[in-house]
Amino acid sequence: FPRSSNNFDYILAADVVYAHPFLEELLITFDHLCKETTIILWAMKFRLEKENKFIDRFKELFDLEEISSFPSLNIKLYKAVKKNRRS
Numbered sequence: 001f002p003r004s005s006n007n008f009d010y011i012l013a014a015d016v017v018y019a020h021p022f023l024e025e026l027l028i029t030f031d032h033l034c035k036e037t038t039i040i041l042w043a044m045k046f047r048l049e050k051e052n053k054f055i056d057r058f059k060e061l062f063d064l065e066e067i068s069s070f071p072s073l074n075i076k077l078y079k080a081v082k083k084n085r086r087s
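Residue numbers for the sequence shown follow UniProt numbering, beginning at 1 and rising by one.
Right, dumping it as structure tokens:
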């Protein structure tokens, strides 16, 4: 679909990945909304193996950095930026 006409500096996401059938659409949405300078700040609670698979797919399109972890709650806070695909 057409490129986003918006220019987002930041995208904040919390608990958007869980056992549902639309994870590929979520990845497509992140890709659509992000420019190379957009920063995603994302809090995620790990519940199932599906979340780990999503992270692997996400890393194909984005550089992902874990910036905080709360092991007792199975929650991680990430910072991500779109990979430079021109190289």
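Where is the CB? At the ideal position from N, CA and C, for every residue including glycine.
Predicted, not measured: the structure shown is a model, and the values here were computed from it.
Residues of its chain near residue i, where Cβ-Cβ distance is below 8 Å and the 5 sequence neighbours each way are ignored
| i | result |
| --- | --- |
| L27 | F54, R57, F58, L61 |
| E65 | Y78, K79, A80 |
| E25 | none |
Under 8 Å between C-beta atoms of residue i and residue j
| i | j | result |
| --- | --- | --- |
| D9 | K45 | no |
Residues bridged to residue i [DSSP beta-bridge criterion]
| i | result |
| --- | --- |
| E66 | Y78 |
| I55 | Answer is none; I55 lacks a bridge partner. |
| I40 | I11, A80 |
| K45 | I75 |
Beta carbon proximity, residue i to chain D, threshold 8 Å
| i | result |
| --- | --- |
| N74 | Structure shown: chain D not included; a single protein chain is present. |
Close-in-space but distant-in-sequence residues of the same chain around residue i (CB under 7 Å, 5 per side omitted)
| i | result |
| --- | --- |
| D63 | A80, V81, K83 |
| N7 | K35 |
Residues of its chain near residue i, where Cβ-Cβ distance is below 6 Å and the 5 sequence neighbours each way are ignored
| i | result |
| --- | --- |
| I75 | K45 |
| W42 | A13, Y78 |
| D31 | L61 |
For the structure I just gave you, are there three or more beta carbon pairs, one from the segment 67 to 75 and one from the segment 21 to 37, closer than 8 Å?
Contact between the segment 67 to 75 and the segment 21 to 37 is absent, with fewer than three C-beta pairs closer than 8 Å.
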